[in-house]
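Residue numbers (the working numbering), protein chains in the order written: chain A, 1 to 137; chain B, 1 to 102.
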């Protein structure tokens, strides 16, 4: 366990939450994208977090890392809009499987998780400062 | 970047006492005080340089994560504070000895 290990662990949490935020932003930006290079509408993406395998001993502090950005397997939403350039012969358009409401909730969750990691970091910093104060009195 | 050596080298300051205890005839090589201090200084300097480098990258718009920059700066700040505290303690001990009446 190094001197700054707790700070590093919190930093990995911050990085992970930022990646999550990026993914949510991408989902929101593409909430109405009907054309992708792979064909079909944009598919919602979500991040998969796994603990960082760091120390050899079990129970050692470990950060978090993003191992995968997965596509949501849900079907595209079919919306009736005959005037849309990507509408099928029946007049239906395959819209991305992104629910803006869901993304907003995820966004708040990511933001709060980021704040929690910053708080943990500050507490660790405060503890270090207090330890340095031992010699000061 | 590994930071373990900092605590190692600072921890080995504790072994300075055994330098004075060398009269017992123990022959295990103990790093000299100057070397130990130099090692600690170099480690702190390394952290400082990492902090500087990160700050430069941020100024150039090349930094990937803002929090990594802040973390590096905080790390170097804490390391310097720890170094200063260690120096204060060592100086204090030195002055105590200087004041000894002969």
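Positions of the beta carbon are idealized from the N, C-alpha and C atoms, including for glycine.
Here's a check: name, in chain order, each residue in its chain whose Cβ is nearer than 6 Å to the Cβ of residue 58 of chain B, leaving out the five neighbours to either side.
The beta carbon of residue 58 of chain B sits closer than 6 Å to those of 69, all from its chain and outside the five residues before and after it, given in chain order.
Original post:
Hey, would you say residue 35 of chain A sits closer than 7 Å to residue 71 of chain A, going by beta carbons?
Top reply: no
- Task: Tell me, please, whether the CB atom of residue 81 of chain B is closer than 7 Å to any CB atom in chain A?
- Result: It does: the Cβ of residue 81 of chain B has a partner Cβ on chain A nearer than 7 Å.
- Message: Against chain A, does residue 71 of chain B count as a neighbour if the rule is that its beta carbon must be under 7 Å from one of theirs?
- Response: yes
Q. In terms of residue numbering, what span does the beta strand (DSSP E) encompassing residue 68 of chain A cover?
A. 64-71
Of the choices A:43, A:80, A:89, A:8, whose alpha-carbon is the least far from that of residue 52 of chain A?
A:8
inquiry  = Going by the DSSP bridge assignment, what does residue 94 of chain A pair with across the sheet?
reply    = A:78
*What residue range is occupied by the uninterrupted alpha helix (DSSP H) comprising residue 100 of chain A?*
Its alpha helix (DSSP H) spans residues 100-133.
Could you tell me whether the stretch 41-51 of chain B touches the stretch 96-103 of chain A, where touching means 3 or more Cβ pairs closer than 8 Å?
no
Assuming residue 64 of chain A contacts residue 26 of chain A (C-beta within less than 8 Å), just tell me the rounded distance between them.
Contact between residue 64 of chain A and residue 26 of chain A is ruled out by a C-beta separation of about 20 Å, above the 8 Å threshold.
What does residue 78 of chain B reach in chain A if we use C-beta pairs closer than 7 Å? 128
### Query
Is it the case that the Cβ atoms of residue 24 of chain A and residue 107 of chain A are separated by a distance below 7 Å?
yes
Under the three-state DSSP convention, the category residue 45 of chain A falls into: strand
Classification of residue 109 of chain A by the beta-carbon crowding that lies within 10 angstroms, buried from 16 upward:
By the neighbour-count definition (other C-beta atoms within 10 Å, threshold 16), residue 109 of chain A is an exposed residue.
Q. Under 7 Å between C-beta atoms, does residue 38 of chain B make it to chain A?
A. no
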